[in-house]
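Undergrad: I am attaching a structure below and will ask some questions about it afterwards.
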Amino acid sequence: MLPAETDVVVVGAGNAAFCAALSAAEHGVRVLVLERSPEEEAGGNSRFTAGAMRCVYDGVDDLRAIMPDLTDDEIRNTDFGSYTEERFFDDMARLTEYRADPDLVELLVKRSRETMRWMRGKGVRFQPIYGRQAFKVDGKFKFWGGLTVEAWGGGPGLVASLTDAAKRNGITVAYGARAASLIHDDGGVRGVRVRQNGKTREVAAKSVVLAAGGFQANAEWRTRYLGPGWDLAKVRGTRFNTGDGIRMALEAGAMPTGNWSGCHAVGWDRNASEFGDLDVGDNFQKHSYPFGIMINANGDRFVDEGADFRNYTYAKYGRVILAQPGQFAWQVFDRKVLYLLRDEYRIKRVTKVSAATLEELVQKLDDVDPARALQTITAYNSAVRKDVPFNPNVKDSRSTVGLPVPKSNWANTIEEPPFEAYAVTCGITFTFGGVRIDPGARVIDTEGQPIPGLFAAGEMVGGIFYFNYPGGTGLMNGAVFGRIAGASAGERAHGLNS
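With this note's numbering applied, the sequence shown corresponds to residues 335 to 832, in that order.
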């Protein structure tokens, strides 16, 4: 049974929402979390992720502070390097084409390390991302691309840890409770109207934090804001992120901001289900394309697969795949690189073909012009610079020469059988447009003023990501601003209680 009133209401039950709830509870106030989904599907998009979190660290000591389980052997056999504030700032600026809100980016970067330590203090465990962000070269693992840490147990483990932490801290979580609208007047937001078990009730609150995700599961909004064809994209995560939080905030006068025509979208198994499947989780993704080539229905390559490290290109290449004829492509590899393919290529539910010859392979690529595909692979093989050594841990400049679509790094010929190919389409992760917040995570209205009592965090905040994003920044963004939003909401509620 929902309470008639509480101090802080948090809408959503993913990473950003639980960080907000835990942060608000530190102010000694009552916190209610509203989760639209049933308990068995709870956790929002966070539960569908691999759990990677991009954070600043200056060396092994910083990593040991959040990963005390690191062994001496792991440290001896691994080059963790560092990921400084300067590199994080540079990555955010470069990938968002310098459009991101500088004040919010500064908070994201500068508070990433302390937020990870705070989460560890709440009981969330972390581990190095071996196998996905590090390859062994000369007997030693080397991390690349600035992404080193993931939640223990991936996204499901992260959500489970945060849920347990909420229970330990006396936070009430209501499942199957869909926030329908905000209760607001000239004095600001005073609560939430909630529909649960077929009945609508009002819950009064001194502060409300919206952390209900983007609008990626809303086909009509995708087509309206992202453009024609986006209704055909697969949804990587939860079916419940339909933009409710954004809609409620806009109805209360919030200012829309950010890249409303942009989103995080990746290569996703062509025959995956319409929405995310918790039994498969994040494994429909196919992110080893830098070590092969991608071919469309016409039999042509259409993108530089080796333009940069995977975690700097994967979030934008889904859009490129969606724009291809039939909204799909095939990723093609040969024997030389099969050992580098991530675990997601080895699951049972995968659209895969294999062959002993290239002539046989192209005949198996469904819906592809086989003759043109063979020409494309042959021309690519002839263009590879074989004089440059291959190294998966660095941008090795092993490139092609003379092709209309170059490959800048990791260009291996496709000539050693067996050959494997995997069919992918576009999988949308989350949308970039949302509501404007200030550095205290207060929602800003269309007059440029904070809406009293209303705060926001996570995917539904606009102004942070444009065009692309550095891998692992989504969860970090949710945690940092969730914590800030919860602190602001809890402080306000505590002050009104005094």
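Using N, Cα and C, we set each Cβ at its ideal position, and we do this for glycine too.
Please give me, in chain order, every unbroken run of the beta strand (DSSP E) with length at least 3 that falls completely inside the segment 555-625.
TA: Those beta strand (DSSP E) runs which fall completely within the segment 555-625 and span 3+ residues are 597-603.
Undergrad: Let me check understanding here. Comparing Cα to Cα, which of 815, 753, 806 and 505 lies closest to residue 390?
TA: Comparing Cα positions, the closest option is 806.
Undergrad: So, at 7 Å on beta carbons, what are the nonlocal neighbours of residue 715 in its own chain, with the 5 sequence-adjacent residues on each side left out?
TA: Cβ within range, chain order: 747, 748 and 749.
Undergrad: Kindly indicate which three-state DSSP category residue 518 falls into: helix, strand or coil?
TA: In this structure, residue 518 counts as strand in the three-state DSSP scheme.
Undergrad: For residue 369, which option in 345, 429, 350 and 352 has the closest C-alpha, if you only look at C-alpha atoms?
TA: When only C-alpha atoms are compared, the closest one is 345.
Undergrad: Grouping DSSP H, G and I as helix and E and B as strand, with all else coil, what is residue 645?
TA: Three-state result, residue 645: helix.
Undergrad: Can you grab the Cα-Cα spacing for the pair residue 387 / residue 813, in whole Å?
TA: Approximately 9 Å, taken between the alpha carbons.
Undergrad: The alpha helix (DSSP H) that contains residue 714, what's its start and end?
TA: Its alpha helix (DSSP H) spans residues 704-717.
Undergrad: What residue range is occupied by the uninterrupted beta strand (DSSP E) comprising residue 760?
TA: Its beta strand (DSSP E) spans residues 753-765.
Undergrad: Looking at the strands, I want to know which residues DSSP matches up with residue 768.
TA: Residue 768 is bridged to 591.
Undergrad: Relative to the alpha-carbon of residue 540, which residue among 524, 352 and 375 has its alpha-carbon at the smallest distance?
TA: Ranking the options by Cα distance to residue 540, first place goes to 524.
Undergrad: Do residue 522 and residue 786 have their beta-carbon atoms positioned less than 8 Å apart in this structure?
TA: Yes.
Undergrad: Taking Cβ to Cβ, would you say residue 530 is nearer than 8 Å to residue 547?
TA: Contact: no.
Undergrad: Given a cut-off of 8 Å on the beta-carbon distance, is the pair residue 382 and residue 615 in contact?
TA: Contact: yes.
Undergrad: Under 8 Å Cβ to Cβ from residue 776, same chain only, skipping five residues before and after it: list those, please.
TA: The residues are 784, 785, 788, 789 and 822.
Undergrad: Any contact of the segment 445-464 with the segment 707-725, i.e. 3+ C-beta pairs under 8 Å?
TA: As far as the Cβ criterion goes, the segment 445-464 does not touch the segment 707-725, which means the pair count is below three.
Undergrad: Assuming contact is defined by CB atoms lying nearer than 8 Å, are residue 796 and residue 591 in contact in what I supplied?
TA: Taking 8 Å as the Cβ cut-off, residue 796 and residue 591 qualify as a contacting pair.
Undergrad: Could you tell me which residues DSSP puts in a beta bridge with residue 533?
TA: DSSP output for residue 533 lists 530 as bridge partner(s).
Undergrad: Since residue 497 and residue 352 should fall inside the 8 Å C-beta cutoff, what is the C-beta to C-beta distance between them, to a whole number of angstroms?
TA: Going by Cβ atoms, the distance from residue 497 to residue 352 rounds to 7 Å, so yes, they are a contact pair.
Undergrad: I'd like the ranges of any beta strand (DSSP E) spanning at least 3 consecutive residues and lying wholly in the segment 628-680.
TA: Those beta strand (DSSP E) runs which fall completely within the segment 628-680 and span 3+ residues are 663-667.
Undergrad: Nearest CA to the CA of residue 632: which residue from 658, 653 and 648?
TA: When only C-alpha atoms are compared, the closest one is 658.
Undergrad: Counting C-beta neighbours from all protein chains within 10 Å, is the total for residue 492 16 or more, i.e. buried, or is it exposed?
TA: Per the 10 Å Cβ criterion, buried.
Undergrad: Would you list the one or two residues that DSSP bridges to residue 802?
TA: Per DSSP, 800.
Undergrad: What residues in its chain sit with their C-beta under 6 Å from that of residue 385, if we drop five residues either side in the sequence?
TA: Cβ neighbours of residue 385 beyond the five flanking positions: 484, 485, 488, 489 and 492.
Undergrad: What first and last residue would you give for the alpha helix (DSSP H) that runs through residue 489?
TA: That run of the alpha helix (DSSP H) goes 488-502.
Undergrad: Residue 811: buried (16+ other C-beta within 10 angstroms of its C-beta) or exposed?
TA: With 16 or more Cβ atoms within 10 Å of its Cβ, residue 811 is classed as buried.
Undergrad: I'd like to confirm the pairing. Which residues does DSSP put opposite residue 814 in its beta bridges?
TA: The partner list for residue 814 (beta bridge, DSSP) is empty, contrary to what the question assumes.
Undergrad: Could you spell out where the beta strand (DSSP E) holding residue 369 opens and where it closes?
TA: Its beta strand (DSSP E) spans residues 365-369.
Undergrad: Assuming contact is defined by CB atoms lying nearer than 8 Å, are residue 770 and residue 589 in contact in what I supplied?
TA: Against a cut-off of 8 Å, the Cβ pair of residue 589 and residue 770 comes out as a contact.
Undergrad: For residue 382, which of helix, strand or coil comes out of DSSP?
TA: Helix.
Undergrad: Would you kindly work out how many angstroms separate the C-alpha atoms of residue 405 and residue 478, rounded to a whole number?
TA: Their backbone Cα atoms lie some 20 Å apart in a straight line.
Undergrad: Go through its chain and collect everything with a Cβ distance to residue 587's Cβ below 7 Å, but skip five positions before and after it.
TA: Excluding sequence neighbours, residue 587 sits near 779, 780 and 785.
Undergrad: Could you say which of 692, 755, 536 and 520 lies nearest to residue 680 if we only look at CA atoms?
TA: Nearest option by C-alpha distance: 755.
Undergrad: Which residues in the same chain have their Cβ closer than 8 Å to the Cβ of residue 361, if we skip the five residues on either side of it in sequence?
TA: Closer than 8 Å at Cβ, skipping near neighbours: 821, 824, 825, 827 and 828.
Undergrad: Comparing the CB of residue 806 with every heavy atom of the ligand MG, is any distance shorter than 7 Å?
TA: As for the ligand MG, it is missing from this structure, which has no ligand bound.
Undergrad: Compute the beta-carbon to beta-carbon distance between residue 409 and residue 460, rounded to the nearest angstrom, for a pair I have assumed lies under 8 Å.
TA: In fact, because the Cβ distance is near 15 Å, the residues do not count as touching under 8 Å.
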